[in-house]
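Chains as they are written, first to last, in this note's numbering: chain S, 1 to 149; chain U, 1001 to 1149.
Using N, Cα and C, we set each Cβ at its ideal position, and we do this for glycine too.
Model, not experiment: these values are computed from the prediction.
Data first, discussion second: the structure below is written as structure tokens.
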DNA sequence: CAAATAATTTAGCCAAGACTACAATTGGTT
DNA sequence: AACCAATTGTAGTCTTGGCTAAATTATTTG
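This is the structure we're talking about:
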């Protein structure tokens, strides 16, 4: 009974596209943590002069143990350098990623505000949304904001 | 050196908002799987008359073993009913969730298309984005599309 | 109807990301 | 210099969501 009832082809096609979509979502989830960390580390360095484990933990609302584990992974992946008991730094690779994330984040926030979303909600939603936006959509966001002003 | 250099207050505030944002993202991730599954099950039932483990696996692009494990959890959480070796059904609770997801999904896709994103990319991105959109932003999306036509 | 094929279930593995509890180090104060 | 508080690190646990491999059940077909 698996191959019967082909009925409406368009829906079948839509489901094919979706299979790709779910893969895209899983990929995004993998880079998400790295992106959030490097962006936050860059922010902290810019604002307070250094990024410490404790600051990251409080910024993300998680424990320092979790931060520590994740930082170890990011170090292994070449985004972050860390000496024991010292504050954290980004590698050039990490810095580049942080800049791209920051710019994307700002575009998303600006776009949401431009369609009437409150500043606070724009910030809240952008944090989740930004990781799932393709270059094409990002371009459309930027173009919309630009055209509007 | 943690409490020195308060320099720019706005950024500090922005970071406070973000702590809430990350919590929101983590919450969204928890419901994400359930939402994807009930929506897909509803779709399959609507289109093919039944939803089988194999269909879900191929639709999501994962193995049937993973589907099975997840379905067991969704059953425990009251979204799905499943008898051994038989196809899957949604509980009323699951159906309600599926409808809400479907409607939200359509709003997001429609919105993306309305700002010039291609149909395919709109579908691809919506799958990731839809789980991270607050009611306020969803409302803004819907209002925008409505106003435009 | 018996055998082959397909679908489902189960078991066991892994990594990520959360936690608690405890150990070690640093840095500032007395 | 020594102590104490804060910070950082480590160990071990849990859940989720992937996987492979093997066992079981259903279905189709010769």
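CB-CB under 7 Å to residue i, same chain, minus the five flanking residues each way: which ones, in chain order?
{"i": "residue 109 of chain S", "result": "122, 123 and 126"}
{"i": "residue 74 of chain S", "result": "34, 37 and 80"}
{"i": "residue 142 of chain S", "result": "107"}
{"i": "residue 93 of chain S", "result": "78 and 79"}
{"i": "residue 1068 of chain U", "result": "1053"}
{"i": "residue 1070 of chain U", "result": "1033 and 1037"}
{"i": "residue 1138 of chain U", "result": "1104 and 1107"}
{"i": "residue 82 of chain S", "result": "71, 75 and 88"}
{"i": "residue 1090 of chain U", "result": "1038, 1041, 1042, 1079, 1080 and 1098"}
{"i": "residue 9 of chain S", "result": "Low local confidence applies: a pLDDT of 43 at residue 9 of chain S is under 50, so the model's placement there is unreliable, with the coordinate-based value given in what follows. Nothing meets the Cβ criterion."}
In this structure, what does DSSP give as the bridge partners for residue i?
{"i": "residue 89 of chain S", "result": "S:81"}
{"i": "residue 1051 of chain U", "result": "U:1088"}
Can you name the residues of chain U whose CB is closer than 7 Å to the CB of residue i?
{"i": "residue 121 of chain S", "result": "1134, 1136 and 1137"}
{"i": "residue 61 of chain S", "result": "1019, 1022 and 1023"}
{"i": "residue 117 of chain S", "result": "1136, 1137 and 1140"}
Among the residues of its own chain, which have a CB less than 6 Å from the CB of residue i, if the five just before and after it don't count?
{"i": "residue 1046 of chain U", "result": "none"}
{"i": "residue 1048 of chain U", "result": "none"}
{"i": "residue 1031 of chain U", "result": "none"}
{"i": "residue 1042 of chain U", "result": "1098"}
{"i": "residue 95 of chain S", "result": "none"}
{"i": "residue 55 of chain S", "result": "44"}
{"i": "residue 1148 of chain U", "result": "1114"}
What is the DSSP secondary structure of residue i, counted as helix, strand or coil?
{"i": "residue 138 of chain S", "result": "helix"}
{"i": "residue 33 of chain S", "result": "helix"}
{"i": "residue 45 of chain S", "result": "helix"}
{"i": "residue 1118 of chain U", "result": "coil"}
{"i": "residue 133 of chain S", "result": "coil"}
{"i": "residue 110 of chain S", "result": "helix"}
{"i": "residue 1070 of chain U", "result": "helix"}
{"i": "residue 1017 of chain U", "result": "helix"}
{"i": "residue 96 of chain S", "result": "helix"}
{"i": "residue 1128 of chain U", "result": "helix"}
{"i": "residue 1148 of chain U", "result": "helix"}
{"i": "residue 1061 of chain U", "result": "coil"}
{"i": "residue 143 of chain S", "result": "helix"}
{"i": "residue 1004 of chain U", "result": "Because residue 1004 of chain U carries a pLDDT of 36, less than 50, the predicted location of this residue cannot be relied on, and the following value inherits that uncertainty. If DSSP states are grouped into helix, strand and coil, residue 1004 of chain U belongs with coil."}
Our contact map puts residue i next to residue j with C-beta atoms below 8 Å; I'd like the distance itself, whole angstroms only.
{"i": "residue 1118 of chain U", "j": "residue 136 of chain S", "result": "7 Å"}
{"i": "residue 64 of chain S", "j": "residue 57 of chain S", "result": "4 Å"}
{"i": "residue 23 of chain S", "j": "residue 1061 of chain U", "result": "5 Å"}
{"i": "residue 51 of chain S", "j": "residue 87 of chain S", "result": "6 Å"}
{"i": "residue 25 of chain S", "j": "residue 132 of chain S", "result": "7 Å"}
{"i": "residue 102 of chain S", "j": "residue 39 of chain S", "result": "6 Å"}
{"i": "residue 1128 of chain U", "j": "residue 100 of chain S", "result": "In fact, because the Cβ distance is near 18 Å, the residues do not count as touching under 8 Å."}
{"i": "residue 17 of chain S", "j": "residue 1018 of chain U", "result": "Not confirmed; about 33 Å, so no contact."}
Listing by chain order, which chain S residues have their CB less than 8 Å from the CB of residue i?
{"i": "residue 1017 of chain U", "result": "120, 123 and 124"}
{"i": "residue 1089 of chain U", "result": "Under the 8 Å cutoff, chain S gives no residues; its nearest Cβ is about 15 Å from residue 1089 of chain U."}
Can you give me the Cβ contacts of residue i inside the same chain, cut-off strictly under 8 Å, excluding the 5 residues immediately before and after it?
{"i": "residue 1111 of chain U", "result": "1141, 1142, 1144 and 1145"}
In chain U, which residues lie less than 9 Å from residue i when you measure between Cβ atoms?
{"i": "residue 112 of chain S", "result": "1137 and 1140"}
Using a C-beta to C-beta distance shorter than 8 Å, which residues of chain U count as neighbours of residue i?
{"i": "residue 14 of chain S", "result": "1123"}
Identify the contact partners of residue i in chain S, using a Cβ-Cβ distance below 9 Å as the criterion.
{"i": "residue 1024 of chain U", "result": "124, 125, 127 and 128"}
{"i": "residue 1144 of chain U", "result": "115 and 116"}
Residues of chain S with a CB under 7 Å from the CB of residue i: which are they?
{"i": "residue 1028 of chain U", "result": "128"}
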